[in-house]
Amino acid sequence: MLVKDLLLNEKQQVHSLDCCQTVADALKIMSAYHVSGLLVMDGKSIAGIFTERDLLRCHVIFPDTPVKEIALEKVMSSRLVVAEPEDEIKDAMAMMIKAGIRHLPVVSGGEIRGILSIEELVKSHVGALTQELHYLQDYVSDLQDAVND
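Residue numbers for the sequence shown follow full-length UniProt numbering, beginning at 1 and rising by one.
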């Protein structure tokens, strides 16, 4: 299964904010849409990603500063790992595990196509493996029936 297939199934909206906006702005969006991460933009370019992990780091770096005064560009993760729509799901999972991330932007031709969570990728992969297991069980059962006849 390809990343683009999962994006079609999820039909998700990509949430983003400008890098000059604040952590408080990000928290409002994350809470309103029940997402654990959003993209941080610098104009039309992806500058980074802000996730729940970045929020924790924010409290360590700026312990006495209100979140409404902290710009996203100061606490976002700017080292981005991205997938392309044609990547295999298993390869996308491997990228995320290697990088130690839980959110993977999907980009094609410089345009954002979506953002996937490790949870979505694992669910999809487990579903595909379960289907394959059922197919193989049916195949073995048919072989046993053929041998016994």
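Glycine included, C-beta positions come from ideal geometry on N, C-alpha and C.
As the structure is a computational prediction, the values presented were derived from the model and not from experiment.
Problem - For D42, the residue or residues it bridges with in DSSP - result: S45
Problem - Rounded C-alpha distance that separates H125 from S117 - result: 13 Å
Exercise for the section: Would you kindly work out how many angstroms separate the C-alpha atoms of L129 and M30, rounded to a whole number? Expected result: 31 Å
Problem - Bridge partners - E111, DSSP secondary structure assignment - result: S108
Handout entry: Start-to-end residues for the alpha helix (DSSP H) that takes in D142
Key = I118 to N148
Handout entry: Proximal residues to M96 (C-beta, below 6 Å), its chain only, five neighbours per side dropped
Key = L104 and I118
Problem - For V3 and V106, believed in contact at Cβ under 8 Å, the rounded distance - result: 6 Å
Exercise for the section: Over the uninterrupted alpha helix (DSSP H) stretch that includes L55, give me the two end residues. Expected result: E52 to I61
Problem - Residue range of the unbroken beta strand (DSSP E) whose run includes D25 - result: Where D25 is concerned, there is no enclosing beta strand (DSSP E), although the alpha helix (DSSP H) it sits in stretches over V23 to Y33.
Practice task
State buried or exposed for L56, treating a residue as buried only when at least 16 other CB atoms are found within 10 Å of its CB.
Solution key: exposed
Problem - 8 Å Cβ cutoff met for L80 and I46 - result: yes
Problem - Integer Cβ distance of S77 from D54, believed to fall under 8 Å - result: 6 Å
Handout entry: Endpoints, alpha helix (DSSP H) assigned at D91
Key = I89 to A99
Exercise for the section: Verify whether the separation of the beta carbon atoms of L121 and A94 is less than 8 Å. Expected result: no
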